[in-house]
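Right, one structure below, let's go through it.
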Amino acid sequence: MKPLKAFIIPFVGLKIGKHLFEYKIEQTFFEHFEYEEFNDVNININVELEKKTTLLELHFKVSGWVNVNCDLTNEPYNQSIENEFDLVVNFGDEYNDEHIDILIVPHGTYEINIQQYIYELVVLAVPTKRVHPGVEDGTLHSDILKKLEELSPKLKEDKEKEDIDPRWNTLKKLLTDK
Numbered sequence: 005m006k007p008l009k010a011f012i013i014p015f016v017g018l019k020i021g022k023h024l025f026e027y028k029i030e031q032t033f034f035e036h037f038e039y040e041e042f043n044d045v046n047i048n049i050n051v052e053l054e055k056k057t058t059l060l061e062l063h064f065k066v067s068g069w070v071n072v073n074c075d076l077t078n079e080p081y082n083q084s085i086e087n088e089f090d091l092v093v094n095f096g097d098e099y100n101d102e103h104i105d106i107l108i109v110p111h112g113t114y115e116i117n118i119q120q121y122i123y124e125l126v127v128l129a130v131p132t133k134r135v136h137p138g139v140e141d142g143t144l145h146s147d148i149l150k151k152l153e154e155l156s157p158k159l160k161e162d163k164e165k166e167d168i169d170p171r172w173n174t175l176k177k178l179l180t181d182k
């Protein structure tokens with residue numbers, strides 16, 4: 005996979021201090037990763053890079069929405085997302101990304117590619133169970149929801165009232181008599 009040029013930050017020419025990078029992510033970004041879970045995307049990403057003499061500190065802040073399908077009704081809806089992540093870039097003998105929040109790049113590296121971190125931040129910000137807000141508050145009217153209500157099992161209490169053999173009632177009394 006080719007790196008996207010917009011997400012490569014050349015840090016060699018930057019002065020020591022804080023620098024802000026802003027990105028607007030759309031559906032084409034996820035098509036580059038061949039990720040097809042989102043119908044549409046509108047995300048703003050702020051990356052604050054603090055350059056120090058021996059290392060770099062990056063603070064990612066993600067906010068926006070992704071259009072996904074509901075797990076219950078398969079209706080599309082906009083899921084708002086927010087996420088933050090801190091990354092420390094240190095210099096060493098060889099490239100090492102074994103740690104989640106520490107990246108070691110070889111001495112002489114002059115740029116850093118942040119597209120993978122942005123991709124993971126957005127994907128991990130989406131809840132694992134996606135439920136349309138209309139399902140939760142009862143405003144969504146869907147054929148699938150009606151069918152789910154018809155096929156849902158009755159509550160246990162209702163079944164017990166219907167199916168209890170009267171002989172069991174006397175046995176239950178024995179449990180309470182101590």
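Start counting at 1 in the sequence shown, then tack on 4, and there's your number in my numbering.
Even glycine gets a Cβ: it sits at the ideal position worked out from N, Cα and C.
Candidates the options: closest to residue i by CA position
i, options, result
"P4", "K150, E35, G112", "What is shown of the chain runs 5 to 182, which leaves residue 4 out entirely."
"F34", "I20, E61, L125", "L125"
"F11", "Y123, N94, N73", "Y123"
"T58", "E30, S84, S67, V93", "V93"
"W69", "K9, L62, L60, E86", "E86"
Strand pairing of residue i, partner residues [DSSP]
i, result
"E52", "L24, H63"
"Y81", "V72"
"E86", "S67"
"L45", "In the sequence as displayed, the identity of residue 45 is Val instead of Leu. Its beta-bridge partners are V70."
"F37", "Paired residues: none, contrary to the question."
"P14", "E115"
"P110", "G96"
"I29", "I47"
Residue i versus residue j: straight-line alpha-carbon distance, rounded
i, j, result
"N48", "E41", "19 Å"
"N78", "H136", "9 Å"
"E115", "K22", "16 Å"
"L76", "I168", "33 Å"
"V66", "E154", "40 Å"
Residue i in three-state terms, based on DSSP
i, result
"I148", "helix"
"I122", "helix"
"P170", "helix"
"L91", "strand"
"L8", "coil"
Nearest-angstrom beta carbon gap, residue j and residue i [assumed within contact, 8 Å]
i, j, result
"N82", "N73", "Rounded, the Cβ-Cβ distance is 11 Å, inconsistent with contact."
"Q119", "L24", "Their Cβ separation, rounded to whole angstroms, is 18 Å, which puts Q119 and L24 out of contact at 8 Å."
"L91", "D105", "6 Å"
"K56", "I20", "7 Å"
"F37", "V51", "18 Å between Cβ atoms; not a contact."
"E30", "N46", "7 Å"
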